[in-house]
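Counting from 1 along the sequence shown, just add 126 to a position and that's the residue number in the working numbering. All residues carry an ideal CB built from backbone N, CA and C; glycine is no exception. In this text, all values refer to a predicted model and were calculated from it rather than measured experimentally.
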Amino acid sequence: MSEGTGGIRARGEEAIGDLAQALLENPLFSQALGKALGAGERAAQAQKAALGALDVSSASDLERLNRRVRALSDRVEALEDELDATRRELAKASKPASAST
């Protein structure tokens, strides 16, 4: 029973592959596909322009801003660590001076 199902599946996959190949070789289909993809791209650009006109950030703008804020946060944290280390060094350096006074 499973061999029959496997054979049907193989023939179905082959038929789908043949159909896809025939569609891609068809100039009308290729032209229509190209126009559809171009229309989708133009729609995405129009959507981005509309969001910009409404002063609404796109998802990519928000992701870029998120990355920049994370990078800034990392830099501030590194500066805080350096400041803490400098304070500790100053505290160590000032102890002997105040102890001799």
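Is the separation between the beta-carbon of residue i and that of residue j shorter than 8 Å?
i: Leu177; j: Ser186; result: no
i: Ser156; j: Leu163; result: no
Quick one: is residue i buried, meaning 16 or more other Cβ sit within 10 Å of its Cβ, or exposed?
i: Gln147; result: exposed
i: Ala217; result: exposed
What ranges does the alpha helix (DSSP H) occupy inside the stretch 149–175, keeping only unbroken runs of at least 4 residues that lie completely in it? none
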